[in-house]
Structure formats: C-alpha cells, structure tokens
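Protein chains: 2
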Amino acid sequence: MKPDSHKFTKEKRAGEGPALTRQRQVVLDVVQSGDTHPTAAEVFEAARGKMPGISFATVYNSLRFLKREGLVREVAFGGGASRYDRETDRHDHAICSACGTLVDFDLPGTVELIRSAARATRFKPESVHLTLVGLCPDCRECK
Amino acid sequence: MKPDSHKFTKEKRAGEGPALTRQRQVVLDVVQSGDTHPTAAEVFEAARGKMPGISFATVYNSLRFLKREGLVREVAFGGGASRYDRETDRHDHAICSACGTLVDFDLPGTVELIRSAARATRFKPESVHLTLVGLCPDCRECK
DNA sequence: CTATTAATTTAGAATTATTATAATTCTAAA
DNA sequence: TTTAGAATTATAATAATTCTAAATTAATAG
C-alpha cells in the first residue's frame, strides 16, 4: 500500500476517468482482503461493517465500476449470484460440487488452448474460461 | 423419430420414473429442433405455439425434469437467463461478445485437460467447462 | 472562497429470472 | 369408475440485479 494511496481520488479526478470514491475504496478493500469470492450481498455485509450506511445499490454500482476499471473480476456460474474475485489476471476456477467452494488456479498451456479453441470455432478469441467442477480436497475426504 | 415415440409416456410410466408427458414432450421438441440455445422464455414462446395454454411454470418444471433425465443441458453464463442445449454429451462453448451467439464445439484433448486441472487443484474431478469468448465469424467481419 | 456544474450516493421501486404453493386436472391401474 | 399419485396451472414468493429520482458530495470556474 503506497503512502499516498489516499490521494488516489484527487489524482484520478483531475482529468479523465471518474473517481475511486470512499465507498468504492471500501468495496475494493472488501474484495481484496481475504481469498474468498464473495457475492454482492456478502460484499455489502462486510462493507457495511466498515462504513455503516453504505447502500446496496452503491455496492452494486461500485462493483460494476471496479470491474470496468479492471480492479476486480466478476465470476458467474449457474443460476446463483455472481461472485467477485480480487485476482484480475487470467486464471481458471475450480468449484466444489458439494460445498460450493470456489478456488483460483492457473492451468499451464492456456495460450495454446485458446488458439485451438479459436481454430475450431473460427472465432476471433478474446478469452477462455475454464472451470473444473468436482470435489474439493476437504469434501473428497469427508465421504 | 421413431414411429412409436408417442407411446413413450405409457412405456415409461409402467414401472419406475415419472412420465414424459405431452407438455414435457413439447418442451423437449422445442429444445431439440433448431441449433439455437433458447432461454426458458424463448422455449415458452415456442412451446405455446405448439400447445397454447402451456404455462410458464410448466416450461420451467419440464426443463428441470428434462435436465435431470439427461435429455437437455442447461448452460448458464454471466447474469442473464440460462440457456438450454439439446446437445447433452460433453462439449465446449463459444460465445460472441458482440451479438451473444452461443455455439457448441468440441475441443480435442479435454481428457488430459481435466486431469491436469485436477492435479493442480487436488479436486476429485467431475467435469470441466470451457468457454471461449470472442467475436463470431459474422461479427469479426462486420467491423 | 463561493457558486455552478457534474458525478455519486441513497432509498426504494422496478425488473428479470426462477422457484414455491395450493388448487385443480390428468393418468394409469385396480 | 373410483382412486391415488403425479403433473399442470395460475399465482405468489423469492432472489439477484438494475433503475429512478432526489439528496449529497466533489470538482471546477469565477
């Protein structure tokens, strides 16, 4: 954490893009602290702890903003709520079919993967998302 | 289409599981005809064409039933509505970031893929889902 | 420093997607 | 043809998310 990170707002404001406001900073802090992948509702809960009075709408707005700025990543599966990921670099996910735990990992060789997927589909590739579904180490034991 | 496919109901009924009723058959037909990946709402629209009076709830119930029976597959991305896929074997998806088109394809080497993903995560693997995001052949031209 | 303008936040309503409920209807078998 | 269980229907409920309008806050010009 840089010593002048609290000046970020002013710095950014003077010119192009919109600001990293206090509430957005709080939301970002929540997502970045801890390696869980919280839902918007969970982010709201935690954010309210740090800043009582913050609204649900602002959490959503902030998450959308932070996503656009590339500071957090949205991860959406199945029908449930989206989860937010502090890791913004390309990576893969594994989700436990028993407990729902979501973990990040990096599969080597995804560059070649994206290439062959593009070849097979004739798409101009932008990204690949790979998700492993299975039993997490904890759940595979407790059986 | 087998000549006795209309007897399916009776055949199945006599014994174990529940029936492939008329409305379920209609929903199945809708998903299986055409290679689009319709949402529940789209399935409802089309189903109502074949069977006016079918309810939205029944479409949802039928899709859930058909999914359990392994006759259709649910595909869920992002925040939007789930889409339903007539292709039930393991396969991959490519989604166009411009027009939303969703196409099926099969990437070779996914067996090895699932193995290395499992190795990296220590998960007991069940399935892998790979999605390529990019521009579909149509959209990559019209630029 | 103050007025003006623009962006952001808030609270709550609205929307969208989906599931649950309760009453009715259908189906298959006795 | 009665009956039991399953399925369907209409509707209500729920969950997740977005929108709206008013209030607040921040940035900029004077």
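In order, the protein sequence lines correspond to chains A and B. Mapping to this note's numbering: the first sequence position 100 is 1264, numbers consecutive. Mapping to this note's numbering: the second sequence position 122 is 1286, numbers consecutive. Even for Gly, the Cβ is constructed at its ideal location relative to N, Cα and C. As the structure is a prediction and not an experimental result, all values here were calculated from the model.
Just measuring C-alpha positions, the residue of B:C1300, B:T1265 and B:S1280 sitting nearest B:T1203 is B:T1265.
Spanning the alpha carbons of A:V1275 and B:F1229 requires a straight line of approximately 38 Å.
For B:Y1224, the closest alpha carbon among the candidates B:I1278, B:G1243, B:A1183 and B:R1247 is that of B:R1247.
Here DSSP, grouped into helix, strand and coil, assigns A:S1291 to strand.
7 Å or more divides the Cβ of A:L1192 from the Cβ of B:A1281. At least one beta carbon of chain A lies nearer than 7 Å to the beta carbon of B:V1292. Note that the C-beta distance between A:A1210 and A:V1194 is below 7 Å. Chain A places no beta carbon closer than 7 Å to that of B:V1207, leaving this residue out of the contacts. For A:V1194, the enclosing alpha helix (DSSP H) begins and ends at R1186 to Q1196. In this structure A:S1226 is buried. Its beta-carbon is surrounded by 16 or more other beta-carbon atoms within 10 angstroms.
For B:L1296, a Cβ of chain A is located within less than 7 Å of the residue's own Cβ.
With contacts defined by Cβ atoms closer than 7 Å, B:G1298 and A:P1289 form a contacting pair. In terms of CA proximity to A:E1233, A:T1252 leads the group A:G1242, A:T1252, A:F1241 and A:F1220.
In the three-state reduction of the DSSP assignment, A:V1236 falls in the coil class, being assigned neither a helical nor a strand state.
Within chain A, the C-beta atoms nearer than 7 Å to that of B:K1288 come from G1298, L1299 and R1304, in chain order. Fully contained in the region 1196-1282 of chain A are the following beta strand (DSSP E) runs of length 3 or more, in chain order: 1237-1239, 1247-1249, 1256-1260 and 1266-1269. In chain order, L1296 make up the part of chain A whose C-beta sits under 8 Å from the C-beta of B:I1278.
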